[in-house]
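All remarks here apply to the structure that follows.
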Amino acid sequence: MIVERSEHLININTPPTSCLPVLYKGETENKIVALTFDDGPDGYYTPKILDILKEKNISATFFIIGDQVKMFPNVVKRIQQEGHAVGNHTWSHPNLFELTTTQLKNELQQTDEVIFSHTGIRTRLFRPPYGYYAKSDLQIIDKLGYKVIMWSIDTVDWSGKSSEEIVLKVNMEESPGAIILQHCFGAASGVLDGTVKALPVIIENLLEKGYEFVTMDQFV
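Each residue of the sequence shown is one higher than the last, beginning at 1 in UniProt numbering.
Next up, the structure:
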């Protein structure tokens, strides 16, 4: 769906016509796939997900919120120390369409600083909250040095999907270069239980099909 607003085009899960860098899926015939997790870190679901990834020896990409990093610095340190990639998901998870240029820059730069202060890395990966962005946003984000990372498989796990529903979604839509969207912070108790239960099944299914897991910094 594309909604017009004055000079802007807001894109919702639709590849843009702009030549600015936005990645929805890896352009490859090789059987590689990326697991991505949004909205963390938190003190409950993110550690559970990290435990599974460590047990399976799989690397993933976490698009994290600056305000959450401030509350759970040790968890973001663990993400980085265990070999996962970190991406910027803004400071407060706003709809970018509603921000001024200054507010957008502040959301990204403030998050960049808190990530750097706890991990020592400067990520160039960015994912817009809700998948919403305007053409003018892309220009700002590009000038700040970020690559916009979207997804090709949306598990909709934030809505409390069961593990069976999540696994089925991935099985139906997996393909070389797929970017899988899941979440690692649930605002309500139990909402991501399906995510945690589905994760080892997703990993085993894709490994059996010959897929290799990569992080988004390997994709770009």
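Even glycine gets a Cβ: it sits at the ideal position worked out from N, Cα and C.
Note that this is a predicted model, so its numbers are computed, not measured.
(Q) Just to confirm before moving on: does the CB-CB distance between Ile153 and Leu35 stay below 7 Å? (A) Reading the sequence shown from its first residue, position 153 is the one you call residue 153. Reading the sequence shown from its first residue, position 35 is the one you call residue 35. No, Cβ-Cβ distance for Ile153 and Leu35 is not below 7 Å.
(Q) Can you find the residues in the same chain that come closer than 6 Å, C-beta to C-beta, to Met216, ignoring five residues on each side of it along the sequence? (A) Reading the sequence shown from its first residue, position 216 is the one you call residue 216. So the list reads Ala34, Thr61, Ala85, Leu125 and Ile149, once near-sequence residues are dropped.
Q. Looking at C-alpha atoms only, which residue of Gly194, Ala188 and Met172 is the closest neighbour of Gln182?
A. What you label residue 182 is simply residue 182 of the sequence shown in a count that begins at 1. Nearest neighbour of Gln182 by Cα position, chosen from Gly194, Ala188 and Met172, turns out to be Gly194.
Q) Along the chain, where does the beta strand (DSSP E) that runs through Thr36 open and close? A) Residue mapping note: residue 36 aligns to position 36 of the sequence shown, counting from 1. For Thr36, the uninterrupted beta strand (DSSP E) run begins and ends at Ile32 to Asp38, by DSSP.
Q. In angstroms, rounded to a whole number, what distance separates the CA positions of Lys77 and Ser163?
A. The count along the sequence shown starts at 1 and reaches residue 77 at position 77. The count along the sequence shown starts at 1 and reaches residue 163 at position 163. About 28 Å.
(Q) Taking DSSP's pairing of strands, which residues face Phe62 in a bridge? (A) Taking the sequence shown and counting its residues from 1, one reaches residue 62 at position 62. In the DSSP assignment, Phe62 is bridged to Phe37 and Val86.
Q.
Measuring only the C-alpha atoms, how far is Pro200 from Val167?
A. Counting from one through the sequence shown, the residue named residue 200 turns up at place 200. Counting from one through the sequence shown, the residue named residue 167 turns up at place 167. Rounded to whole angstroms, Pro200 to Val167 spans 10 Å at the Cα level.
Q.
Please state the DSSP three-state secondary structure of Ala187.
A. Working through the sequence shown from its first residue, we reach residue 187 at position 187. In this structure, DSSP gives Ala187 a state outside helix and strand, which the three-state scheme calls coil.
Q) Is the CB-CB distance between Trp91 and Thr111 below 7 Å? A) Working through the sequence shown from its first residue, we reach residue 91 at position 91. Working through the sequence shown from its first residue, we reach residue 111 at position 111. For Trp91 and Thr111, yes; Cβs fall inside 7 Å.
Q.
Please return the same chain residues whose Cβ sits closer than 7 Å to the Cβ of Leu192, not counting the five positions on each side in sequence.
A. In the sequence shown, counting from the first residue as 1, residue 192 sits at position 192. Its chain contains Tyr45, Asp157, His183 and Gly186 as the residues whose beta carbon lies nearer than 7 Å to that of Leu192, once the 5 sequence neighbours on both sides are disregarded; these appear in chain order.
Q.
Within 10 Å of its beta-carbon, does Glu173 have 16 or more other beta-carbons around it, so buried, or fewer, so exposed?
A. Locating residue 173 in the sequence shown gives position 173, counting from the first residue. Around the beta-carbon of Glu173, fewer than 16 other beta-carbon atoms lie within 10 Å, marking it exposed.
(Q) Short of 6 Å in beta carbon distance, which residues of its chain neighbour Gly66, apart from the five on each side in sequence? Order them along the chain. (A) Taking the sequence shown and counting its residues from 1, the one referred to as residue 66 is at position 66. Within the same chain, Trp91, Gln110, Thr111 and Val114 come within 6 Å of Gly66 by CB-CB distance, once the 5 residues on both sides are set aside.
Q | Sequence-distant residues of the same chain with beta carbon closer than 7 Å to Pro176, five excluded per side | A | For the purposes of this step, residue 176 is taken as the residue at position 176 of the sequence shown. Contacts found: Thr28, Glu29, Asn30, Lys31 and Ile32.
Q) Mind checking Thr155: buried by the 16 CB within 10 Å criterion, or exposed? A) Reading the sequence shown from its first residue, position 155 is the one you call residue 155. Under this definition Thr155 is a buried residue.
Q) How should Glu212 be labelled, buried or exposed, when 16 other C-beta atoms within 10 angstroms of its C-beta is the threshold for buried? A) On the sequence shown, residue 212 is found 212 positions in, with the first residue counted as 1. Glu212 is exposed by the Cβ-count criterion.
**Q.** Gln68, buried or exposed, once every other Cβ within 10 Å from all chains shown has been counted against 16
**A.** In the sequence shown, the residue the question calls residue 68 occupies position 68. That one is buried.
Q: Can you say whether Thr14 is buried or exposed, counting buried as having 16 or more other CB atoms within 10 angstroms of its CB?
A: Mapped onto the sequence shown, residue 14 falls at position 14. In this prediction, Thr14 scores a pLDDT of 49, lower than 50, which makes its location untrustworthy; the coordinate-derived value is nonetheless stated afterwards. By the C-beta density criterion, Thr14 is exposed, having fewer than 16 other C-beta atoms within 10 angstroms.
Q: Can you grab the Cα-Cα spacing for the pair Asp39 / His93, in whole Å?
A: The residue you call residue 39 lines up with position 39 of the sequence shown. The residue you call residue 93 lines up with position 93 of the sequence shown. Whole-angstrom Cα-Cα distance: 8 Å.
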